[in-house]
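Going letter by letter, the sequence shown gives residues 160 to 323 in the working numbering. Ideal Cβ positions, reconstructed from N, Cα and C, are used throughout, including at glycine. All values reported here derive from a predicted model rather than from experimental measurement.
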Amino acid sequence: MNKKIEEALNEQIRTEASSSQVYLAMACWAEVNGYDGTSKFLYAHSDEERMHMLKLVKFINERGGKAIVPALDKPEASFNSLEEVFKKLFEHETKVTNEINKIVHLCLQENDYTTHNFLQWYVNEQLEEEALARTILDKLRLLDGDKSGLYMFDRDISGLSVES
Ligand code: OFO
160 MNKKIEEALN
170 EQIRTEASSS
180 QVYLAMACWA
190 EVNGYDGTSK
200 FLYAHSDEER
210 MHMLKLVKFI
220 NERGGKAIVP
230 ALDKPEASFN
240 SLEEVFKKLF
250 EHETKVTNEI
260 NKIVHLCLQE
270 NDYTTHNFLQ
280 WYVNEQLEEE
290 ALARTILDKL
300 RLLDGDKSGL
310 YMFDRDISGL
320 SVES
């Protein structure tokens, strides 16, 4: 496997693993602060990110490269509000999208069309995840901290899922 691509994909393993940790920490915060629906949503989102990581691990190993399981930083564990949680989640997803786009670009430069093809799944996934995060954030901004609105938000969000 092309070394530059292998390195970039391994870096993406770190990104996806760290997304999983970040959302797990958010899920814990939501759970202990009484936002059960939100915590359910975030636990599921954390699982999705682990699955994104595993897909990369398998792809690299199956193509003759070597996947590296990275050390991760401790994620932020306390937040002031649900709005802050989702603002950070949205910003995080935007960063992930940029990272994916950079690897897609590298694949074209290196004429690696197999990996380019493989990455289209991630391109679509990022589109969906960013759109979902933006919708959730818009709702929270509209609520502007209104307690009964937040209660309903938390009840409804548990029914939303992050597509895999
Ligand atoms: Fe939510 O990011 Fe993975 O791909």
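Please state whether the Cβ-Cβ distance between Ser317 and Gly196 is less than 8 angstroms. Locating residue 317 in the sequence shown gives position 158, where the first residue counts as 1. Locating residue 196 in the sequence shown gives position 37, where the first residue counts as 1. Yes. Within cutoff.
4-residue-minimum alpha helix (DSSP H) runs that sit fully inside the region 234-302, ordered along the chain: Segments of the alpha helix (DSSP H) lying fully in the region 234-302: 241-268, 272-302.
Per-residue burial, Met185 [other beta carbons within 10 Å of its own, 16 or more giving buried]: As a first step, residue 185 must be located in the sequence shown, where it is residue number 26. With a threshold of 16 other beta carbon atoms within 10 Å, Met185 meets it and is buried.
Beta carbon of Ser205: closer than 7 angstroms to some heavy atom of the ligand OFO? Counting from 1 along the sequence shown, the entry for residue 205 is found at position 46. The closest heavy atom of the ligand OFO lies 7 angstroms or more from the beta carbon of Ser205.
CB of Leu299 within 8 angstroms of CB of Ala167, strictly: On the sequence shown, residue 299 is found 140 positions in, with the first residue counted as 1. On the sequence shown, residue 167 is found 8 positions in, with the first residue counted as 1. Not a contact, by the Cβ cut-off of 8 angstroms.
Asn220 to Glu287, Cα distance in whole Å? Here residue 220 is taken as the residue at index 61 of the sequence shown, counted from 1. Here residue 287 is taken as the residue at index 128 of the sequence shown, counted from 1. Rounded to whole angstroms, Asn220 to Glu287 spans 27 angstroms at the Cα level.
Could you check if Tyr281 belongs to the surroundings of the ligand OFO, using beta carbon to heavy atom distance under 7 angstroms? Stepping through the sequence shown from its first residue, residue 281 is reached at position 122. Tyr281: yes, Cβ under 7 angstroms from the ligand OFO.
If you follow the alpha helix (DSSP H) that Lys214 is part of, which residue opens it and which one closes it? Mapped onto the sequence shown, residue 214 falls at position 55. Here the alpha helix (DSSP H) through Lys214 covers 195-221.
Reduced DSSP category for Ser317 - H, G, I as helix; E, B as strand; rest coil: Within the sequence shown, the letter at position 158 stands for residue 317. Ser317 carries a coil assignment under DSSP once its states are collapsed to helix, strand and coil.
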